[in-house]
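Enquirer: Residue numbers (my numbering), protein chains in the order written: chain A, 58 to 370; chain B, 4 to 712.
For glycine and all other residues, C-beta sits at the position ideal for the given N, C-alpha and C.
Dropping the structure in here first, questions after.
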Amino acid sequence: MPFAPVPQAFKSSLKEVVIGAGESAVALGGENVLPLYSFDAPIKNRPKVGIEISDLGPDRSLPELAKFYEGASSAAELAARACAAPGADFVCLWLEGADPNGEDRDVADCVKICREVAEASPLPLAVQGCGSPDKDARLFEKIAEALQGRNVLLLSAKEENYKGIAVAAVTAYGQKIAAESSVDINLAKQLNVLISQLGIAGDSTVMHLGASAAGYGFEYIASTTDRVRLAALAQNDAALQMPVIAPVAADAWSVKESVMSEDEFPEWGPVERRGADMEICTASAMIAAGANAVIVRHPRSAAAVAELISALL
Amino acid sequence: MKLLFDRVFDGAGEMLAMAEKEIAAATAELGEAAPISMPNTAYSLACHNAYLGKQIRNVSELARGFSEAKEWASGERRLGGAFNAGFATFMAAEAIEACKYARSPDPYGGEYHGHMSDAEVRELGVPLVTGDIPGFVVIIGSAPSDEEAVELIRGYQSRAIFVFLIGGIIGQARRQNLNMGFPVRVVAVGPDIWCAAHIISFVNRAAMIFGAVKPGDREAFDHYTFHRIRAFVNAFRPVPDIVVASGGGAIAMGFPVVTDDAADMWPVPKSLIIQQNTADFIETSLEARDIKIKVSKIDIPVAYSTAFEGEIVRRADMRADMDGSRSDCFELVVSKEAHEIEDHSIELIGPDIDEAEPGARTSIGFVCEVAGKAMQSDFEPVFERKFHNFINCVEGVMHTGQRDTIHIRVSKAAFDAGFRARHFGEVLYAKVKSEYESVVDKCAVKIYTVPEQLKELRAKATEIYNRRDERLGSLTDESVDVFYDCILCQSFSPAHVCIVTPERLGLCGAVSWLDAKATNELDANGPCQRVSKQRVVDENIGIWEDVNERVREASHGSLEQVTLYSIMVDPMTSCGCFECICGIEPFSNGVVIVNREHDGMTPLGMTFSEMASMTGGGVQTPGFMGHGKQFISSAKFMKAEGGPARIVWMPKALKETVGAKLNGTAARLYGIDDFVSMIADETVTEDAEALLEFLGGSGHPVLGMEPLL
């Protein structure tokens with residue numbers, strides 16, 4: 058008997074969130090099938106790849122990365138370089154230096170850097186905070202104001218600070234935000250509901266469901282992402298239909314495989330190669346689990362993940 | 004006496020006449036085509052834009068807008084008409100101000116703030132929408148004295164309320180050298196009542212920016228301002244008609260007006276309030292607009308953190324020892340009417356800690372009075388049970404027990420740092436206000452330390468405890484309209500959902516129906532949601548279509564149906580934190596219950612852990628079920644299979660814990676006395692055959708019941 062495929066497209070679909078403005082703007086989400094199931098129905102927007110730069114500059118001890126950013130010192134120069142990396146759909150500025158426990162760069166300086174990076178980037182911009190809920194809230198409000206019209210994505214609004222960030226960034230200045238929760242479908246849903254109660258439509262929010270490197274408790278985030286996609290499509294749960302973004306760089310580059318020196322583990326090969334491999338594994342697995350965008354640090358990772366996506370879709 | 008409606012219409016007439024004159028003067032001076040605009044805004048004249056849906060660009064358009072506004076003020080002298088007249092007053096006021104700005108881009112030259120830019124609207128709008136600024140006040144006129152003016156402004160500032168000033172009070176504040184400006188949240192808007200147009204313009208732009216309200220949709224503006232903008236007006240006497248007309252507009256927007264002018268004034272509940280004591284303006288206003296002030300820090304001389312929760316104060320280190328098992332101590336939460344409580348009042352009645360000998364045993368009683376529109380007396384015990392956590396988190400203070408069995412110790416170190424009895428009140432006040440923000444508007448604490456008085460108060464408290472227990476006992480699944488679900492455990496058991504009913508508490512034993520209800524009221528988007536019980540399928544085994552729908556949704560499709568009262572048909576699932584597990588015992592047709600603490604064998608040939616492995620994880624295993632200890636004595640315990648009469652074996656310790664209540668239930672349901680003695684335990688046997696023998700000997704009712712399988 059011949060095989061007759063039965064397409065399983067769902068009646069519900071993910072919301073579509075656009076970041077950036079003009080020709081380079083990218084759309085995330087929008088599909089009505091399980092991740093990469095293009096045989097069930099066409100996938101409206103293929104998963105996107107963001108490339109991360111830090112305001113503190115790249116790790117120049119990694120030869121390939123150092124070479125890639127050679128001669129680029131300011132965040133704006135780094136951003137311009139990152140935008141030219143093959144496979145990159147958008148650039149993500151990580152305000153690592155804003156951390157109150159680190160450099161504690163003040164808000165005005167951060168805003169200035171964001172402005173310069175936005176000027177220098179032909180691709181859409183995402184801005185990742187330093188992780189301190191209080192500092193991020195103050196930062197994002199000012200960044201949202203300064204970058205009006207650029208339609209940037211701010212990562213992330215959490216339970217502790219979502220109100221100020223959501224109202225300022227989205228309602229007052231028309232930007233996009235990521236709602237970050239920690240590996241729990243109910244917490245993710247609750248945060249989305251709370252944000253929507255501020256009068257913010259679903260096409261302004263993406264979900265950041267938490268992150269971990271492949272092999273480091275990754276199954277939790279994978280199954281959460283899985284369940285979120287199923288709830289969004291199979292159960293038509295509007296509070297979970299936002300696209301998912303997975304910033305995997307920080308986790309992938311901080312595990313043992315990515316940091317141990319080659320002197321200690323000669324059989325493992327060069328550090329940089331290992332770190333990029335961790336990043337590629339994690340990002341690919343997140344895309345398979347249902348991420349609509351991933352953020353990686355290494356240009357090699359961006360190229361590899363983009364190649365994988367075009368090979369599959 | 005002049006009627007309130009007449010005052011509004013007369014006032015509106017005055018403002019309109021003034022606007023007409025100004026527009027005529029502007030037309031003569033600048034010409035009909037002269038541009039009209041406010042600086043730094045994309046919303047043109049925001050009041051005209053909001054109410055008429057029209058952008059005013061030049062003098063002639065302003066004149067046309069004016070004739071429309073005039074019609075708004077010519078309606079019937081009734082409520083709707085008065086509200087319209089109020090809006091007409093605002094448009095007329097905006098027209099007057101617009102003419103000023105048409106002549107000069109900066110008519111106030113820094114002396115007054117005047118028009119607010121869109122950037123300022125956003126800057127102030129964000130914290131207003133998020134609640135970081137709890138609201139704003141518009142103060143109009145002159146306070147009785149300069150000092151009182153400043154005291155009022157500072158009072159609002161200290162509560163983080165944004166202050167707009169119009170008229171005489173600005174001069175008063177300047178004479179007292181009060182620092183003013185946007186950064187300090189006190190803005191001198193302008194000298195005359197028509198300057199109020201700038202504030203209304205701000206509000207309307209906020210509605211357009213943050214609420215996406217469409218110009219011209221006045222109802223949507225009213226709805227937005229009423230629900231989202233926590234504003235109110237304080238007007239000092241004398242209040243002329245023109246201010247009354249503006250007040251009418253403010254009230255229509257949902258902003259109450261509080262005034263000390265009683266002459267020709269008609270109080271309207273919640274909207275127009277006469278408060279002749281100006282010192283009480285703040286309290287009256289906040290209450291009228293339902294504004295709650297957040298408590299941000301606990302005012303005590305020692306640290307406060309969950310890190311100190313498990314801290315033990317040993318006898319050698321203690322300065323004060325209050326022991327409810329040896330003297331009269333108690334904790335009590337009582338709800339009151341709002342007017343009966345002065346918020347943040349902390350009263351110590353009796354000697355303080357330092358008046359007793361070091362280490363001496365004393366007694367203490369806390370009465371925490373709370374008031375709030377959404378407060379229910381069912382929440383009292385929920386708050387009260389948290390006192391243990393609240394007080395335990397104080398560095399150098401230990402707290403155990405609840406109700407009248409509390410035991411508190413204060414360490415020498417905490418005492419030396421300055422900790423006194425009053426600080427218990429500060430802790431309870433701050434925690435109750437912040438943790439239960441959504442229901443507690445006001446909170447006051449009384450601390451009693453006189454032994455004779457405590458004896459009397461404890462007796463009264465005991466009456467209240469008893470009444471509460473009766474209330475809890477009288478709640479049945481039939482007597483309530485809703486159940487609650489609880490998905491707190493889904494972080495580690497993703498498919499599990501508890502349905503909590505008055506007679507079936509959560510299987511962890513920690514979430515009763517009242518707890519779930521309180522959790523829901525306090526956090527509407529939290530882990531406990533209301534589950535209706537309208538569509539009954541089978542009341543005997545406990546199937547409701549509503550319940551099934553919720554279970555399907557909350558388990559994200561893993562479960563299709565649960566029964567509330569059966570262990571054999573679609574039993575409720577378990578996460579893994581069950582207090583007890585019951586499983587069927589096939590020889591006797593009964594069930595064995597084992598609690599988590601029991602580590603021995605059971606007649607099923609399985610230990611608790613072995614049974615747990617088949618029961619947890621959100622799966623339905625007919626014949627096995629996790630549940631709370633209190634559920635054992637419930638009339639709904641496996642009601643479908645005959646109820647608690649099925650219980651044939653329990654560990655001895657569990658029998659002791661639930662025995663009295665279970666006996667009561669058995670007497671009520673089956674007329675059996677001392678039912679617990681018919682149930683075997685580990686001292687009788689852990690063997691199935693011996694169990695059957697014992698049951699025959701004890702005359703256990705299960706032997707006459709239908710087979711389970």
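I'd like the list of long-range same chain contacts for Ala279(A), defined as Cβ closer than 7 angstroms, with 5 residues on each side in sequence excluded.
Expert: Ala342 and Ala346
Enquirer: Alpha carbon to alpha carbon, how far is Leu711(B) from Asn592(B)?
Expert: 6 angstroms
Enquirer: Is there at least one Cβ from chain B nearer than 8 angstroms to Val168(A)'s Cβ?
Expert: no
Enquirer: Can you give the beta carbon distance from Pro259(A) to Ala295(A), rounded, assuming they're within the 8 angstroms contact cut?
Expert: Just to set this straight, residue 259(A) is Gly in the shown sequence, not Pro. Contact holds; Cβ gap of about 7 angstroms.
Enquirer: Can the beta-carbon of Phe590(B) be found closer than 8 angstroms to that of Leu695(B)?
Expert: Result yes, Cβ atoms of Phe590(B) and Leu695(B) sit closer than 8 angstroms.
Enquirer: With DSSP as the reference, please indicate the residues paired to His630(B) in a beta bridge.
Expert: Cys583(B)
Enquirer: Rounded to a whole number of angstroms, what is the C-alpha to C-alpha distance between Ala291(B) and Val236(B)?
Expert: 11 angstroms
Enquirer: Closest Cβ-Cβ distance between Ala225(A) and chain B: below 8 angstroms?
Expert: yes
Enquirer: Given that a residue counts as buried once 16 or more other Cβ atoms are within 10 Å of its Cβ, and exposed if not, what is Arg364(B)?
Expert: exposed
Enquirer: If the cut is a Cβ gap below 8 angstroms, which residues of chain B does Arg284(A) touch?
Expert: Pro497 and His559
Enquirer: Of all the CB atoms in chain B, is at least one closer than 8 angstroms to the CB of Gln247(A)?
Expert: yes
Enquirer: Around the C-beta of Thr408(B), are 16 or more other C-beta atoms found within 10 angstroms, so that it is buried, or is it exposed?
Expert: exposed
Enquirer: CA-CA distance, Gln623(B) and Val572(B)?
Expert: 9 angstroms
Enquirer: Where DSSP assigns a beta bridge to Arg412(B), which residues make up the other side?
Expert: Asp324(B) and Met401(B)
Enquirer: Span of the alpha helix (DSSP H) holding Gly68(B)?
Expert: Val62 to Trp75
Enquirer: Spell out a yes or no on whether the segment 351 to 366 of chain A and the segment 53 to 70 of chain B are touching, meaning 3 or more CB-CB pairs, one atom from each, closer than 8 angstroms.
Expert: no
Enquirer: Evaluate Pro530(B) with the Cβ neighbour count: other Cβ atoms within 10 Å of its Cβ, from every protein chain shown; 16 or more gives buried, anything less gives exposed.
Expert: buried
Enquirer: List, in chain order, every chain A residue whose beta-carbon is nearer than 8 angstroms to that of Ile232(B).
Expert: Near Ile232(B) there are no residues of chain A at all, since even the closest Cβ is about 13 angstroms away, more than 8 angstroms.
Enquirer: So which residues on chain B does Val250(A) lean against when the C-beta distance must stay under 7 angstroms?
Expert: Asn528
Enquirer: Provide the residue(s) that pair with Gly593(B) in DSSP beta bridges, ordered along the chain.
Expert: Glu588(B)
Enquirer: So what does Trp451(B) bridge to, in DSSP terms?
Expert: Per the sequence presented here, residue 451(B) reads as Tyr, with Trp not at that position. For Tyr451(B), which the question treats as bridged, DSSP gives the partners Ile352(B) and Gly368(B).
Enquirer: Reducing DSSP to helix, strand and coil, say where Ile196(B) ends up.
Expert: Helix at Ile196(B).
Enquirer: To the nearest angstrom, how far is the alpha carbon of Ala238(B) from that of Pro218(B)?
Expert: 29 angstroms
Enquirer: Assign Asn551(B) to buried or exposed, taking buried as 16 or more other Cβ atoms, counted over all protein chains shown, within 10 Å of its Cβ.
Expert: buried
Enquirer: List the DSSP bridge partners of Asp488(B).
Expert: Among the bridge pairs identified by DSSP, Asp488(B) is matched with Ile502(B) and Gln532(B).
Enquirer: Show which residues of chain A have a CB atom less than 8 angstroms away from the CB atom of Gln493(B).
Expert: Asp241, Ile242 and Asn243
Enquirer: By a C-beta neighbour count over all protein chains shown, 10 Å radius and 16 as the cutoff for buried, is Lys124(A) buried or exposed?
Expert: exposed
Enquirer: Hey, Leu196(A) and Cys167(A) are a contact pair by Cβ (cut 8 angstroms); roughly how many whole angstroms apart?
Expert: 6 angstroms
Enquirer: Quick one: is Ala693(B) buried, meaning 16 or more other Cβ sit within 10 Å of its Cβ, or exposed?
Expert: exposed
Enquirer: How about Val174(A) and Ile200(A): do their beta carbons lie closer than 8 angstroms?
Expert: no
Enquirer: Identify which residue in Gly144(A), Cys171(A) and Pro157(A) has its Cα closest to the Cα of Ala368(A).
Expert: Gly144(A)
Enquirer: Evaluate the contact criterion for the segment 381 to 399 of chain B versus the segment 433 to 441 of chain B: three or more CB pairs, one atom per stretch, below 8 angstroms.
Expert: The answer is yes - the segment 433 to 441 of chain B touches the segment 381 to 399 of chain B, with three or more Cβ pairs under 8 angstroms.
Enquirer: Could you tell me whether the segment 627 to 644 of chain B touches the segment 559 to 572 of chain B, where touching means 3 or more Cβ pairs closer than 8 angstroms?
Expert: Enough Cβ pairs lie closer than 8 angstroms, so yes.
Enquirer: For the candidate residues Val554(B), Ala359(B) and Glu32(B), whose alpha-carbon lies nearest to that of Thr576(B)?
Expert: Val554(B)
Enquirer: Please identify, using Cβ separations under 9 angstroms, the residues of the segment 189 to 205 of chain A that lie next to chain B, in order along the chain.
Expert: Glu198 and Glu202
Enquirer: Which residue from Ala96(B), Met256(B) and Gly509(B) puts its Cα closest to that of Ile196(B)?
Expert: Ala96(B)
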